[in-house]
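To keep things clear, I will list the structure first and then write my remarks on it.
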Amino acid sequence: MVILIIVLVTVLVIAIILTVIGLRSPEFDENRVLNERLDEINLDDGPLELRKLELSLPFQERVVYPIARKLGELAIRFTPQNAMQSIERKLELAGVSSAVDPTVILATQFIGLVFFGGIILFVLSIGSTGWPLGRKLLLSLLFGLIGFYFPSMILSSRISRRQKEIRKAMPDALDLLTICVEAGLGFDAAMHKVSEKWESQLSMAFARVIQEIQLGKVRREALRDMSNRIGLPEMTSFVAAVIQSEQLGVSLSKVLRIQADQMRIRRRQLAEEEAHKAPIKMLIPMGLLIFPSLMIVLLTPAALRLMQSALGGMFQ
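See the structure below:
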C-alpha cells in the first residue's frame, strides 16, 4: 500500500508540473522551440545519433510528457467522448491547445482522483479517528473529486484571464486598425501591423488569422475560427461586423471605429459592475477575519475587568 501511494505521488507531481508548465506558457510556440533547438545543434560536426538528439530534449518532453500521454490514452477508454471534447474546447479557449495534449489533462484528472482519495483513505485508516468506514469513504471521495476537478479549475482560471486580457486590449487594437485602414492599408495588412505592435493574446490571435489567410483559408472563415477560439461576445460582434461590411460594401474604417467605441463603453460598464460587486465580496473576509479580531480587541479588556471584579467580590 505504501509503495503504491509513493508511485501515485510521483506520477501526480509529474503530471501537475506538466500541466502548470503548459498552461503558464502563453508565448509557447512550437516553431520557435524547434528553431532554438536547431540553433543549438552544430550541423558541421556531422550527423548526430538518435540517442543524443533525444537526450538534448528537456526533461519534461523526454520523460514527463510520454508518461502522461500513456496514462491519458489509458484513461480515454473510460472517458465519454463529450468529456474529451469539453477538455479540448477548454484548451482551445485557454490558448494552449498546441502546447498541452488533452490526454495530459485527462491523465492529471484521474491521477488526482486516485491520489487524493487514496491518501485521505490511507491516513484515516491508520489514524485513530474511530470513524465508521462509510464516513471515511465519503471523505476520501470528496477529496478525490477535488483532485479530479483541479486541472479543470486551472484551465477555467486561465480562460478567464485570457478573455479579460483580450477584452481590455480590443478597443486600443481596433483604434490602431482604424488608423491603418484610413491610412490606406488593407484589412489583412492592418491586422498584421497590430500583431507586430504588441505582444499579447490578441496580437497572437491576429497573427494566427494572417497565417491562416496566407495558407489559403478564406478571410471570413479565419475570422470566425478566431472568434470561436476566443469565445468572447465582443469578438463575435467584431467579426460579424467586419464580415457584414465586406459583403455589403460598407466603409470598413467607420465600422471599426464604431466597434472600438462600443467595446470601450462595454469595458467601462464591466469596470463599474465589478466596482459595485466589491462591497458584497468584502463581506465574507470582513465577517470571518476582521470583525472577530475587532471584537476580541474591543471586548477582551472589558471581559477581564468583569472577571476581576467578580473574582474580587468572591474573596471579599
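Numbering follows our numbering, with no gaps: position 35 of the sequence shown is 1131. All C-beta atoms in this analysis are idealised placements derived from N, C-alpha and C, irrespective of residue type, glycine included.
For residue i, does the three-state DSSP call read helix, strand or coil?
i	result
Ser-1333	helix
Thr-1175	coil
Asp-1321	helix
Leu-1400	helix
Lys-1087	Look at the range of the chain in this structure, 1097 to 1412, and you will see that residue 1087 is not part of it.
Ala-1195	coil
Ser-1341	helix
Gly-1214	helix
Ser-1296	coil
Ser-1405	helix
Leu-1328	coil
Ala-1303	helix
Leu-1394	helix
Val-1103	Residue confidence for Val-1103 is low, a pLDDT of 48 falling below 50, so the modelled location carries little weight and cannot support an answer.
Pro-1143	Note on Pro-1143: pLDDT 48, under 50, position unreliable in the model; the coordinate value appears next. Note: Pro-1143 maps to coil in three-state DSSP.
Which two residues bound the contiguous alpha helix (DSSP H) that contains residue i?
i	result
Glu-1278	1229-1278
Gly-1223	From DSSP, Gly-1223 is part of no alpha helix (DSSP H); its letter is neither H nor E.
Val-1351	1348-1381
Lys-1289	1283-1293
For residue i, does the count of other Cβ atoms within 10 angstroms reach 16, so buried, or fall short, so exposed?
i	result
Gln-1067	The chain is shown from 1097 up to 1412; residue 1067 falls before or after that span and cannot be answered.
Gly-1230	exposed
Glu-1330	buried
Pro-1247	buried
Ile-1395	In the sequence on display, residue 1395 carries Leu and not Ile. Flag for Leu-1395 reads exposed.
Met-1322	buried
Gly-1383	exposed
Arg-1173	exposed
Ser-1253	exposed
Ile-1386	exposed
Leu-1251	buried
Leu-1270	buried
Gln-1259	buried
Pro-1388	exposed
Ala-1406	exposed
Ser-1296	buried
Gly-1223	exposed
Gln-1177	exposed
### Message
For the structure I just gave you, are there three or more beta carbon pairs, one from the segment 1197-1216 and one from the segment 1167-1174, closer than 8 Å?
### Response
Yes, the segment 1197-1216 touches the segment 1167-1174.
### Task
Check whether the segment 1365-1380 touches the segment 1289-1306, counting contact only when three or more Cβ pairs, one atom from each stretch, lie closer than 8 Å.
Note that the segment 1365-1380 does not touch the segment 1289-1306; fewer than 3 beta-carbon pairs, one per stretch, sit closer than 8 Å.
### Task
Count the CB pairs spanning the segment 1354-1368 and the segment 1255-1269 that are closer than 8 Å, and state whether there are at least three.
In short, these stretches touch, since the Cβ pair count reaches three.
### Query
Counting Cβ pairs closer than 8 Å, one from the segment 1348-1357 and one from the segment 1331-1338, do we hit at least three?
yes
### Message
Any contact between the segment 1275-1282 and the segment 1308-1316? By contact I mean 3 or more CB pairs, one from each, below 8 Å.
### Response
no
#### Entry: the segment 1208-1220 / the segment 1230-1245 touching (three or more Cβ pairs under 8 Å)
yes
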